Amino acid sequence: MKKGEIIFSAMCIAFFGFMLFETFELLGQGRPGEVGSGLWPFMALATSTLLSVLMLISSIRRSSAAGPGAQDLTAEAIAEKRRARITVSLSVVCFLVYIIVMPWFGFIIATLLYIFVFALILGERRRWVLAISPVLMTTVIMGVFAKFITIPFPKGIGVFAEFSRLFY
Amino acid sequence: MRKVKTLTWVVFLVSGLAMAAANLMAAEYPERAIEILVPFGAGGGSDTAARAVAEGLKPQLKNGVVVNNMPGGGATKGMLYVSQQPADGYSVLAVTTSHLIDAVKPKTRSQLLRDFDPLCRIQWDTSAVTISGDSQFKTLTDLIEWGKKNPKGLKFAGTSPGGWSEIQTVAFFKKAGVEVTFVPFDSGAEIKAAILGGHITGAVEELAETLPLIEAGKLKSLCVIMETRHPALPNVPCSKEVGIDYTHGLMRAWAVKKGTPPERQKFLLDVITKSLQHPMYVKFIQDEHLDVRPGYLGPEETRKYWEEEVNFFSGVLKELGYVK
Amino acid sequence: MLDHYLQAVATVLLPHNLLAMVLGSLWGLLAGALPGISTSMGVVLLLSFTYSLSPMTAFVLLVGAYLGGITGGSITSILFGIPGEPSSVPTVIEGHALAKKGRATFALWVYLLCSIYGGLFSVVVMIVATPLIASFALKFGPAEYFALTVLGLSVVSGLSGGSMLKGFLSCFFGLFLATIGTDGITGEERYTFDTTILLGGINFVVAMVGLLAVSEIFIEAEEPFKEYKGGVQYRGMLREFPPFSLFKGYLLTMIRSPIIGTIVGALPGAGATIAAFLSYGEAARTAKREPEKFGKGAVEGLMAAECANNASTGGSMTILLSLGIPGSNTTAMMIAAFMIHGMQPGPLLLSTRPDIVYGIFASMLLTNLLLLGLTILAIRMFLELNRMPYSIFSAAIMILCAIGAYGLTNNMDDVYLMFAFSLIGYAMRKFDIPVAPCILALVLGDMAELSLRRALLLSGGSPLILVGSPISIVLLSGALLSIVYPLFKKPKMLQGL
């Protein structure tokens, strides 16, 4: 964890530092009398960068104080940790894929597949749940959001658009 | 995994059938609902106007019409969306003056005159110079004289920096020879509260919104920006009367993506023109005082009007320093 | 005067109006509870039905939806950690933390009682003191708005949990996020990198759904598989009814929060969300008992937020009915309803249509009472959702979050942004950086910056305008006090630096 925190702090510094760099071209812009477009974000970013540096220093100091030896985890705990990490990564990827393919496949198909796959990732193995739920859930969501309150969901392109138009 | 496969097959089968069915029907345009895209949030001026016209369209289109809102980025997000749709006449953009102003700016991602064909202009709104009811200024002349003595001393509020609101405020007072300070706010509601609370001098805004407060004497209008006096405020002079040659107003129009087949454009123009005579729409524009200046212009006139306005705006924006 | 009210109550109690009230409130509760539909959207969707109704029935319906929406937003916040409404974000932070400790039904009771109390309080204030509130709200110019937001931001140390350093980092990150997009003063694009996705700025709902709700699902995914949700343990509703002494113990919060709510609700451009946050912040600042609990399930924070967001309804309606100025998004939609029925809300409305004005007062009063019962029904319904298979439940929440972000502008851009925020939120939780200060700063940051710059435009650059009125001076000295005080009181919090 200590290593993770150091990397995280370094990333914060990089992010805020980059944005701070971007701010310089804003600094001159403004209406006469006021502080301009750049000053407020400059203040926020400069402070953030400073605080990230402090965070980095304090986590380095703590990690050197603690020293090595934090690695005495059992094999079981390590396996559990790895499982958790894989599940989380897969659910992140799964959601990302869902929102990326939605404009192409249309809302209905993307949602059906997403519910199915995400349930699998979370460890769902009951067949009836996997078979019924995606259809049921998609139907309910379509009924409420697309039909009743007419949110114009993405319909997809080509064949998928034709398919979506059958429903909404 | 077998289930996934089966599911995929079912999906493809159904969509295939749907396509076949659609091809069989390959009927006349419009074979599905026409989408009217309002690039502003629900409940705003553009939205209510579009919905009022859509009410009149409904009986004419058997596959219906949907009004969708896509606010954001000062009306550019919605315009960009329509410009990315196929030019098949199923997506209609509700255009306002802010798109014309956007056409002048260097950073435009989609340009109204380049990417769209106008159908018609539907409304031409009237603005007015409005100040607090208990202000020291009794007439526009008082205001202008004070403003000439105190350059930048008059603080006028508006909603869009570099947009319609700022342009009409600055351009109007420039014609009158006064330099004012423009203070941008987030919404018309905040501006009204700020005028009533005496935090700012006033605003140049569309008249209909402030009319109830004017009638109650909480606000007063010094001048309506049009060629003749406004029937709702017969005692307030118009800009032409006081010798200020400025009569621009906020316009609302409808457009389709460039390249839409002419017969579809013609069809849309016909149904829209018809729905503008719908009793409900007529009542709506009467209530909102949008009938004071005739709003309707055909496609050719609309294009010409747009080009003139863009010319005017590019001049003003250059003076303001938004365009180099 | 009194017979006006009696007559109005009698009209509202007519069967068809009563039916409209029930339907409107139920719809509002549902719209509020679902993250995909905001209260103002719920009201907009009802507008088209009101064409054919009589004006009084129409307003009873819309008032029901408005109050129901503000109330309903917190049910899903407490139970599932998804804010149904932006105004219930503090409720997510405190209420959901309580729920995770197995006290979901207790949190729901506190929320419900405080909501109704806040709502009723503001209606009473509205009836008694409409002109007073209206003229007080008008005293707020840019300088006063600035002072108010500074006061709101100054509580950040109270929300920081263990480390001041991380709390402030989160806060300044939020302030930066608020500046992204088109600058409201110059029209300049800031940090958009010439894309359209950030052009309109970061919608607060997108950030909050990503940071709070979606990242919560990712965190939960780490845990071993469960067949049913069961993550929220709760006891029967009857057994968890909070004793009166609980509220008496937090007397100051119970009196102050609805006042804050009513006033902030009356300020155009502020509204329920800012009211909830300011009141929540005030509670965090002055918490005598267990201030360390804030962010981890403080009952006092929950009370403060819920009293205030419901109390904002009275304030918003006051300014709408007396001046025709909408104090919030939802009341802006109400203006459309007035126009549909050929009325113009404004100072003259009370003399031209007293029946409508008093009718709205009466229906707000009665709707609040009705909501007490209806919300219990809604809560029971949502508790049933805990019986869903856990995996499907999580999937449904993710989809609802995506719909919530999509529905804001009907555009995928906001969904992608929300995804980015869910990753940021996940990282923040992993590294113990509190999320609350970031969201607080995102809500208030924009208003703070723009009102500061507006004030300077008005004064021609002189900063003296910022302390030019008694209101600003009081608010700013309160802010100063709450920044300086902890430095002396709790110097050990600085040791984390």
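Same order as they appear, the protein sequences are chains A, B and C. My numbering puts the first residue of the first sequence at 14, with every later residue one more than the last. My numbering puts the first residue of the second sequence at 37, with every later residue one more than the last. My numbering puts the first residue of the third sequence at 656, with every later residue one more than the last. Cβ coordinates follow ideal geometry from the N, Cα and C atoms, glycine included. Note that the structure is a prediction, hence the values are computed from the model and not measured.
- [ ] Tell me where the alpha helix (DSSP H) around Gly687 (chain C) begins and ends.
- [x] Pro670 to Ala688
- [ ] Identify whether Met1043 (chain C) lies in helix, strand or coil by the three-state DSSP scheme.
- [x] coil
Open item on the list: Threshold first: 3 residues or longer. Then list the beta strand (DSSP E) segments lying entirely within the stretch 277-329 of chain B, N to C.
Closed with: 287-293
- [ ] Whole angstroms is fine: what's the gap from Val738 (chain C)'s alpha carbon to Arg1084 (chain C)'s?
- [x] At residue 738 (chain C) the sequence reads Pro, which differs from the Val that was named. For Pro738 (chain C) and Arg1084 (chain C), the distance between alpha carbons rounds to 18 Å.
Task: Whether Ser809 (chain C) touches Ala1134 (chain C) by CB criterion (7 Å) - done: yes
Open item on the list: Suppose you measure from the CA of Gly970 (chain C) to the CA of Ile782 (chain C); what does that come to, to the nearest Å?
Closed with: 11 Å
TODO: For the stretch 61-78 of chain A and the stretch 20-31 of chain A, state whether three or more C-beta atom pairs, one from each stretch, are separated by less than 8 Å.
DONE: yes
Task: Local conformation of Thr985 (chain C) per DSSP, three classes - done: helix
TODO: Name, please, each residue of chain C whose Cβ falls closer than 7 Å to the Cβ of Gly43 (chain A).
DONE: Thr841
Open item on the list: Quick check: what's the CA-CA separation for Ile852 (chain C) versus Ile121 (chain A)?
Closed with: 24 Å
Task: Length of the line joining the Cα atoms of Ser1137 (chain C) and Glu937 (chain C) - done: 10 Å
Open item on the list: Against chain B, with Cβ distances strictly below 7 Å, would Pro165 (chain A) count as a contact?
Closed with: yes
TODO: Determine which residues of the stretch 83-105 of chain B have a Cβ less than 8 Å from any Cβ of chain A, and write them out in chain order.
DONE: Val102 and Asn104
Open item on the list: Quick check: what's the CA-CA separation for Leu326 (chain B) versus Val292 (chain B)?
Closed with: 23 Å
TODO: Measure how close the beta-carbons of Ala85 (chain B) and Gln159 (chain B) come, nearest whole angstrom, since I'm counting them as under 8 Å.
DONE: 6 Å
TODO: Determine the chain B residues that contact Met178 (chain A) at a beta-carbon separation under 7 Å, and present them in chain order.
DONE: Reading off the sequence, residue 178 (chain A) comes out as Arg, not Met. Here the neighbours are Arg68.
Open item on the list: When you compare the stretch 108-120 of chain A with the stretch 44-56 of chain A, are there three or more beta-carbon pairs, one atom per stretch, that lie closer than 8 Å?
Closed with: no
- [ ] Go ahead and pull the three-state DSSP assignment for Ile1079 (chain C).
- [x] helix
Task: Rounded straight-line distance, which links the Cα of Ser146 (chain A) to that of Gly687 (chain C) - done: 25 Å
Task: Beta-ladder partner(s) of Leu269 (chain B), from DSSP - done: B:His266
Task: the stretch 277-288 of chain B / the stretch 199-214 of chain B touching (three or more Cβ pairs under 8 Å) - done: yes
Open item on the list: From the DSSP secondary-structure annotation, give me the bridge partner or partners of Asn105 (chain B).
Closed with: B:Val74
Task: Minimum Cβ-Cβ distance from His235 (chain B) to chain C less than 7 Å - done: yes
Task: Sequence-distant residues of the same chain with beta carbon closer than 7 Å to Cys1114 (chain C), five excluded per side - done: Checking the sequence shown, residue 1114 (chain C) turns out to be Ser, not Cys. Closer than 7 Å at the Cβ level, and outside the excluded window around Ser1114 (chain C), lie Ile1120.
Task: Any chain B beta carbon closer than 7 Å to Pro690 (chain C) - done: no
Task: Contacts around Gly979 (chain C), its chain only, beta-carbon distance under 8 Å, and the 5 residues preceding and following it disregarded - done: Ile990, Gln999, Pro1000, Gly1001, Pro1002 and Leu1004
Open item on the list: Would you say Val142 (chain A) lies against chain C (beta-carbon separation less than 7 Å)?
Closed with: yes
Open item on the list: Let me see if you follow: with CB-CB separation under 7 Å, is Phe55 (chain A) close to chain C or not?
Closed with: no
- [ ] Grab the span of the beta strand (DSSP E) containing Arg758 (chain C) for me, first residue to last.
- [x] From DSSP, Arg758 (chain C) is part of no beta strand (DSSP E); its letter is neither H nor E.
TODO: Could you work out which residues of chain C lie near Thr124 (chain A), taking near to mean beta carbons separated by less than 7 Å?
DONE: Ile1054
Open item on the list: Please list, in chain order, the chain B residues whose beta carbon lies closer than 7 Å to that of Val699 (chain C).
Closed with: Ala78 and Gly79
Open item on the list: Taking the alpha carbon of Thr1007 (chain C) as the reference point, which residue from B:Asp83, B:Gly295 and B:Pro248 has its own alpha carbon closest?
Closed with: B:Pro248
Open item on the list: Please state the DSSP three-state secondary structure of Ile840 (chain C).
Closed with: coil
- [ ] Any chance you could list the beta strand (DSSP E) runs of at least 3 consecutive residues sitting entirely within the stretch 180-229 of chain B, in chain order?
- [x] 191-194 and 217-220
- [ ] Rounded to whole angstroms, what's the CA-CA distance from Phe880 (chain C) to Leu135 (chain A)? Just pull it up for me.
- [x] 6 Å
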